[in-house]
Amino acid sequence: MALIREKDSQKLHVKSKLMGESLVSKSFLQSLEEKEPFKVCPYATVIKLGGQSITDYGAKSLLPILQEIVQNAKEHKMIISSGGGTRSRHVYAIAMDLGMPTGIISKLGQSVSEQNALMISTLLSPYNGIKIGHDDLPKLGLYFSQGCIPVIHGMPPYGYWEHLPAQGLLPPIRTDV
89 MALIREKDSQ
99 KLHVKSKLMG
109 ESLVSKSFLQ
119 SLEEKEPFKV
129 CPYATVIKLG
139 GQSITDYGAK
149 SLLPILQEIV
159 QNAKEHKMII
169 SSGGGTRSRH
179 VYAIAMDLGM
189 PTGIISKLGQ
199 SVSEQNALMI
209 STLLSPYNGI
219 KIGHDDLPKL
229 GLYFSQGCIP
239 VIHGMPPYGY
249 WEHLPAQGLL
259 PPIRTDV
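Numbering (our numbering), first residue to last: 89 to 265.
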């Protein structure tokens, strides 16, 4: 990699397509070559266990589904994702009533989804269920090679930097959208 010094400056750049470019320029973005993104685990299927539709009903709803997952885990690589359900909706309502910023509301919803992921991974632990976070996604290949069933909370990783909604305070990117 070549280093290039800016004219009349001490500033150095690494020579690349992005050198000195505004990364938000429409003409620049259109000039970039499109490539197929690298797929970390293309053989894996994500199964979302809805908080309100499944987890909130407790054992009568969740346990039969987890039995199906365990029975199929040897043949199919699955990532189990959890929603927040009724409790996340409750905390959203309280936080919006208090005027909390969207990023805080997003983090509150994430914590409920994480609680559900912890319960699900605990129930799956006798069958190699393991709770993972977003930072663990590069380890999926290792987890699958060891016969694990990864369980992750379903809230996108924006947190405090959640996109602002067009209207109101409710985070636009949640586990249910």
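Glycine included, each C-beta is placed from N, C-alpha and C at the ideal position.
Residues near residue i in its chain [Cβ-Cβ closer than 6 Å; skip 5 each side]
{"i": "residue 266", "result": "Nothing can be reported for residue 266, as the shown portion of the chain is limited to 89 through 265."}
Residue i (DSSP reduced to helix, strand or coil)
{"i": "residue 158", "result": "helix"}
{"i": "residue 241", "result": "strand"}
{"i": "residue 217", "result": "strand"}
{"i": "residue 100", "result": "strand"}
{"i": "residue 92", "result": "strand"}
{"i": "residue 142", "result": "coil"}
{"i": "residue 150", "result": "helix"}
{"i": "residue 263", "result": "coil"}
{"i": "residue 120", "result": "coil"}
{"i": "residue 227", "result": "helix"}
{"i": "residue 254", "result": "coil"}
Candidates the options: closest to residue i by CA position
{"i": "residue 102", "options": "95, 91, 110, 112", "result": "91"}
{"i": "residue 202", "options": "97, 138, 186, 122", "result": "138"}
{"i": "residue 212", "options": "156, 118, 113", "result": "156"}
{"i": "residue 207", "options": "245, 135, 150, 116", "result": "150"}
{"i": "residue 327", "options": "181, 162, 182, 176", "result": "Absent from the model: residue 327. The displayed extent of the chain is 89 to 265, so no value can be given."}
{"i": "residue 223", "options": "244, 120, 136", "result": "244"}
{"i": "residue 119", "options": "111, 126, 125", "result": "111"}
{"i": "residue 210", "options": "154, 174, 125", "result": "154"}
Cβ neighbours of residue i in the same chain (closer than 8 Å, five flanking residues each side left out)
{"i": "residue 226", "result": "128"}
Proximal residues to residue i (C-beta, below 7 Å), its chain only, five neighbours per side dropped
{"i": "residue 164", "result": "133"}
{"i": "residue 190", "result": "250, 252, 253, 257, 259"}
{"i": "residue 179", "result": "196, 197, 200"}
beta-carbon residue i near the ligand GTP non-hydrogen atom, thresh 6 Å
{"i": "residue 154", "result": "This structure simply doesn't include the ligand GTP, nor any ligand for that matter."}
Within 7 Å, strictly: CB atoms of residue i and residue j
{"i": "residue 260", "j": "residue 193", "result": "no"}
{"i": "residue 263", "j": "residue 242", "result": "yes"}
Beta-bridge pairing of residue i - partner residues as DSSP gives them
{"i": "residue 192", "result": "DSSP, once it has assigned bridges, lists no residue as partnering residue 192."}
{"i": "residue 134", "result": "167"}
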